[in-house]
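In what follows, a single structure is set out as structure tokens and then discussed.
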Amino acid sequence: TFYNTLPLHDGNHYPGQSKTADYKARAQKFFDELDNFFTELERSGRKVLVIVVPEHGAALKGDKMQVSGLRDIPSPSITNVPAAVKFFGIKARHPDAPIIINQPSSYLAISELVVRALDGKMFDENDINWQQYIANLPQSAAVSENSNAIVIQYQGKPYVQLNGGSWVPYPQ
């Protein structure tokens, strides 16, 4: 199932107003919607794996290359976004705290997490080794690209190529 939500979509306005809606209010609406969705899943008793993957960051703050709200260059602050995986209907205890994956990862790592849960056995196990579940996920270098720009990480620093030109350090 694909669930799309709009509260955090860039450019949201309140009805009858031209000013962009406040981010804090939109974020609260998003988390309220997500909480309601999760509550309904818990009540259903169904075995469900939910994966939350943002399309992109909001570009709330500008940088030396782009003003706030502009996403023409896929900078790290826009494309390095958190994702979440949550199980519903499992027998085992959930971890006491969220498990954070800090290594460079992408959709490949998320796909691997899905594959590891696909047979459904995790839902019926009395004990889940969460560290084993997240171990050895595929790592991928940070590369962000659109029709006009490519941004990569090289030796711990971002570099940008605009319109096929030379690679230059992304101004920090």
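Here the sequence shown stands for residues 277 to 448, numbered as in my numbering.
Positions of the beta carbon are idealized from the N, C-alpha and C atoms, including for glycine.
What distance in whole Å lies between the Cβ atoms of Pro-350 and Glu-388, which are believed to be in contact at a cut-off of 8 Å? Taking the sequence shown and counting its residues from 1, the one referred to as residue 388 is at position 112. Taking the sequence shown and counting its residues from 1, the one referred to as residue 350 is at position 74. Their Cβ separation, rounded to whole angstroms, is 23 Å, which puts Glu-388 and Pro-350 out of contact at 8 Å.
If His-332 sits next to Thr-296, beta carbons under 8 Å apart, how far is it from one beta carbon to the other, in whole angstroms? Within the sequence shown, numbered from 1, the residue matching residue 332 stands at position 56. Within the sequence shown, numbered from 1, the residue matching residue 296 stands at position 20. Not confirmed; about 16 Å, so no contact.
So what does Glu-421 bridge to, in DSSP terms? Along the sequence shown, read from residue 1 onward, the residue named residue 421 stands at position 145. Ile-426, per the DSSP bridge assignment.
Could you check the C-alpha separation between Ile-327 and Ala-393 for me, to the nearest Å? Counting from one through the sequence shown, the residue named residue 327 turns up at place 51. Counting from one through the sequence shown, the residue named residue 393 turns up at place 117. The straight-line gap from Cα to Cα measures roughly 12 Å.
Buried or exposed by the 16-neighbour rule on C-beta atoms within 10 Å, applied to Ile-375: As a position in the sequence shown, residue 375 is number 99, starting the count at 1. Ile-375 comes out exposed.
When DSSP labels each residue in this structure, what does Leu-389 get in the three-state scheme? Within the sequence shown, residue 389 is the residue found at index 113, counting from 1. Note: Leu-389 maps to helix in three-state DSSP.
With DSSP as the reference, identify every bridge partner of Tyr-273, one or two as the case may be. In this structure the chain extends from 277 to 448, so residue 273 is not present and cannot be described.
Look at the alpha carbon of Ser-353 and the alpha carbon of Phe-399, and state the distance between them as a whole number of angstroms. Here residue 353 is taken as the residue at index 77 of the sequence shown, counted from 1. Here residue 399 is taken as the residue at index 123 of the sequence shown, counted from 1. One C-alpha to the other measures close to 35 Å.
Take every Cβ of the stretch 364-372, pair it with every Cβ of the stretch 422-434, and state whether three or more of those distances are shorter than 8 Å. no
Relative to the C-alpha of Ala-418, which residue among Arg-319, Tyr-383, Gly-441 is closest? On the sequence shown, residue 418 is found 142 positions in, with the first residue counted as 1. That would be Tyr-383, whose Cα lies nearest to the Cα of Ala-418.
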